[in-house]
Amino acid sequence: MREWASLNGRLMPAEQAQISIFDSGFMQGIGLFETMRAYEGQVFRLERHLDRLANSARILGWTIVPAVEEMRENVAQVVGATGQPDLRVRLTVTTGSLRVTEQDTPQLTIVATAAPGTNYPPELYTRGVTVIVSNHRQNPRDPTVGHKTTSYFARLAALREAHARRAFEALWFTPENRLAEGAISSVFLVEDDELLTPPLDTPVLPGITRATVIELANELRIPVREEQLVIDDVLSADELFLTNSLMEIMPVVRVEREPIGTEKPGEVTQRLAEAYVLLVERECVRV
Numbered sequence: 059m060r061e062w063a064s065l066n067g068r069l070m071p072a073e074q075a076q077i078s079i080f081d082s083g084f085m086q087g088i089g090l091f092e093t094m095r096a097y098e099g100q101v102f103r104l105e106r107h108l109d110r111l112a113n114s115a116r117i118l119g120w121t122i123v124p125a126v127e128e129m130r131e132n133v134a135q136v137v138g139a140t141g142q143p144d145l146r147v148r149l150t151v152t153t154g155s156l157r158v159t160e161q162d163t164p165q166l167t168i169v170a171t172a173a174p175g176t177n178y179p180p181e182l183y184t185r186g187v188t189v190i191v192s193n194h195r196q197n198p199r200d201p202t203v204g205h206k207t208t209s210y211f212a213r214l215a216a217l218r219e220a221h222a223r224r225a226f227e228a229l230w231f232t233p234e235n236r237l238a239e240g241a242i243s244s245v246f247l248v249e250d251d252e253l254l255t256p257p258l259d260t261p262v263l264p265g266i267t268r269a270t271v272i273e274l275a276n277e278l279r280i281p282v283r284e285e286q287l288v289i290d291d292v293l294s295a296d297e298l299f300l301t302n303s304l305m306e307i308m309p310v311v312r313v314e315r316e317p318i319g320t321e322k323p324g325e326v327t328q329r330l331a332e333a334y335v336l337l338v339e340r341e342c343v344r345v
């Protein structure tokens, strides 16, 4: 099946999309992105993804803040052209060409792509996964931390290390040894039926799925609290799980060689996962 791209509002086969070699994203890694999932041809919580990207651009001091309407149109173009119900959608925005003169009008580079959803194997959800503790640290003084920037090498290096050790993900801690997040995910613990997660000012990415899980926990009357956590909290947890838009809710049953709880996906994790599926069905059904 052909993969499509929308480049600044122009729809084309993905292999034909080209950007300038002087683009700031290519030359300096100045860019933001969102990875989203479409169900039944509708991107789940699209507006929250677009608002997060625009807010990051604003906080990071971009001269031009991406317009939500323009980003939405690029996403709609590729989702419509792909014509498949379950999609992995990527939106990337950079500050555009570095060769802009004072006479030129600055223009962002906005690229959206869509491809058939690459779902994780079902057995990962039924058996749970293993994670490692990354040697990298989440630097609270890094101005890009807490934002989904295209400068993603450190994250991918940590993830590759985890995969090389036959683990699914790598947990990041701060220099003060406080739990932050996974290389590509948010982290939740369950302790005595209470849901715990690191606060946003750790700092961590304000994950769309993270926020959705907190919303669902409140609906299910599962106590939820943002809390500074350390490795002992992780290892003594009754349950542990990861979230992002593609994996949804992924149970963790081991941290390196240490079992978590009963070494099986826990009851609270499963309740939230079931509620997440029902929420997607409610929000992503064609009228």
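In the working numbering, the protein residues as written are 59 to 345.
All C-beta atoms in this analysis are idealised placements derived from N, C-alpha and C, irrespective of residue type, glycine included.
| Check | Outcome |
| --- | --- |
| Straight-line Cα distance separating glutamate 285 from aspartate 14 | Examination of residue 14 is not possible in this model, given that the chain is present from 59 through 345 alone. |
| Selected residue, minimal CA-CA separation from valine 262, among Ala225, Glu314 and Asn302 | Asn302 |
| Spatial distance of phenylalanine 211 from phenylalanine 299 (CA atoms) | 24 Å |
| Selected residue, minimal CA-CA separation from valine 158, among His221, Asn197, Ser82 and Glu181 | Ser82 |
| Neighbourhood of glycine 319 by C-beta, 6 Å cutoff - its chain only, sequence neighbours within 5 removed | Asp296 and Glu297 |
| CA-to-CA distance, threonine 255 to glutamate 314, given in whole angstroms | 20 Å |
| Any 3 or more C-beta pairs closer than 8 Å across the region 137 to 152 and the region 83 to 94 | yes |
| DSSP bridge partner residues for methionine 305 (one or two, in chain order) | According to DSSP, which records beta bridges pairwise, methionine 305 is partnered with nothing at all. |
| Same chain only: Cβ atoms within 6 Å of serine 244, ignoring 5 sequence neighbours per side | Gly265, Arg268 and Thr301 |
| Cβ neighbour criterion (16 or more within 10 Å) applied to proline 257 | exposed |
| C-alpha distance - alanine 72 paired with glutamate 98, whole-angstrom precision | 22 Å |
| Beta-carbon proximity list for glycine 186, same chain, < 7 Å, skipping 5 on both sides | Pro309, Val310, Val311, Lys322 and Pro323 |
| Whether threonine 121 touches alanine 172 by CB criterion (8 Å) | no |
| Extent of the continuous alpha helix (DSSP H) to which leucine 274 belongs | 266 to 277 |
| Inter-residue CB distance, arginine 103 and threonine 270 (contact presumed, cutoff 8 Å) | 7 Å |
| Own chain residues within Cβ distance below 8 Å of leucine 336, not counting five before or after | none |
| C-alpha distance - isoleucine 79 paired with methionine 85, whole-angstrom precision | 7 Å |
| Of the residues Leu293, Met305, Ser294 and Phe246, the one placed nearest arginine 283, counting alpha carbons only | Phe246 |
| Reference serine 64, options Ser114, Ala333, Ala170 and Gly154, closest by Cα | Ala170 |
| Assumed close pair glycine 154, leucine 166 - CB separation to whole angstroms, cut-off 8 Å | 5 Å |
| DSSP beta-bridge partners of threonine 207 | Leu90 |
| Whole-angstrom distance between serine 192 and alanine 216, CA atom to CA atom | 6 Å |
| For valine 345, three-class secondary structure by DSSP | Since pLDDT at valine 345 reaches only 48, below the 50 mark, its modelled position is unreliable, and the value read off the structure follows with that caveat. Here valine 345 sits in coil by DSSP. |
| CB-CB length for leucine 253 against valine 326, believed under 8 Å | 7 Å |
| Span of the beta strand (DSSP E), counted from its first residue to its last, around arginine 283 | 282 to 284 |
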